[in-house]
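Reading through the structure tokens given below for one structure.
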Amino acid sequence: MDLGPCHGQAFDVGAERWAILLPGAGYTVTSPLLWFAREAALAGGWNVLAVSDTFNGTDDPLRWVEERAEAAIQHVDGPTPPLLIAKSLTSLAAPLAAGWACRRCG
Numbered sequence: 045m046d047l048g049p050c051h052g053q054a055f056d057v058g059a060e061r062w063a064i065l066l067p068g069a070g071y072t073v074t075s076p077l078l079w080f081a082r083e084a085a086l087a088g089g090w091n092v093l094a095v096s097d098t099f100n101g102t103d104d105p106l107r108w109v110e111e112r113a114e115a116a117i118q119h120v121d122g123p124t125p126p127l128l129i130a131k132s133l134t135s136l137a138a139p140l141a142a143g144w145a146c147r148r149c150g
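Residue numbering for the sequence shown follows our numbering, beginning at 45 and increasing consecutively.
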């Protein structure tokens with residue numbers, strides 16, 4: 045599916061909760077760490093949105109992360125804040141996700 049700045053694949057099991065997998069700079073969501081995270085989330089009753097993109101090394105890294113995280117969060121917007129599962133570079137999305145969750149709860 046087209047998320048704007050990137051693509052994603054939804055694994056929708058009909059749950060209210062979503063987990064978002066964000067790839068590393070050179071690590072895809074089909075690689076072992078994120079593949080097993082996806083399987084664990086699905087087994088735990090979460091829908092999963094796996095973001096697919098590769099950092100090209102020339103873009104601003106923080107902007108690259110934020111654009112993809114924001115697009116994914118907006119795509120799964122619902123009553124429960126999503127769980128972000130990030131690898132390496134995309135762990136920079138943690139403050140963005142925390143701020144988004146705080147605005148939703150406050």
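Ideal placement from N, C-alpha and C gives every residue a C-beta, glycine not left out.
Using only alpha-carbon positions, find the residue among Asp121, Ala87, Ala116 and Val120 that is nearest to Ala137. Ala116
Would Asp97 and Pro67 be called neighbours here (beta carbons separated by less than 9 Å)? yes
Find the nearest neighbour of Thr124 within the set Val109, Ala59, Glu111 and Ala94, judged by alpha-carbon distance. Ala59
Measure the CB-CB distance between Gln53 and Ala113 and report whether it falls below 9 Å. no
Beta carbon of Leu127, beta carbon of Arg61: below 9 Å? yes
Fully enclosed by the stretch 48 to 112, which beta strand (DSSP E) runs are 3 residues long or longer? 51 to 55, 62 to 66 and 91 to 96
Sorted by chain position, which residues of the same chain lie with C-beta nearer than 8 Å to Leu77's C-beta, five sequence neighbours on each side aside? Tyr71 and Lys131
Selected residue, minimal CA-CA separation from Ala84, among Ile129, Ser135 and Trp108: Among Ile129, Ser135 and Trp108, the Cα nearest to that of Ala84 is on Ile129.
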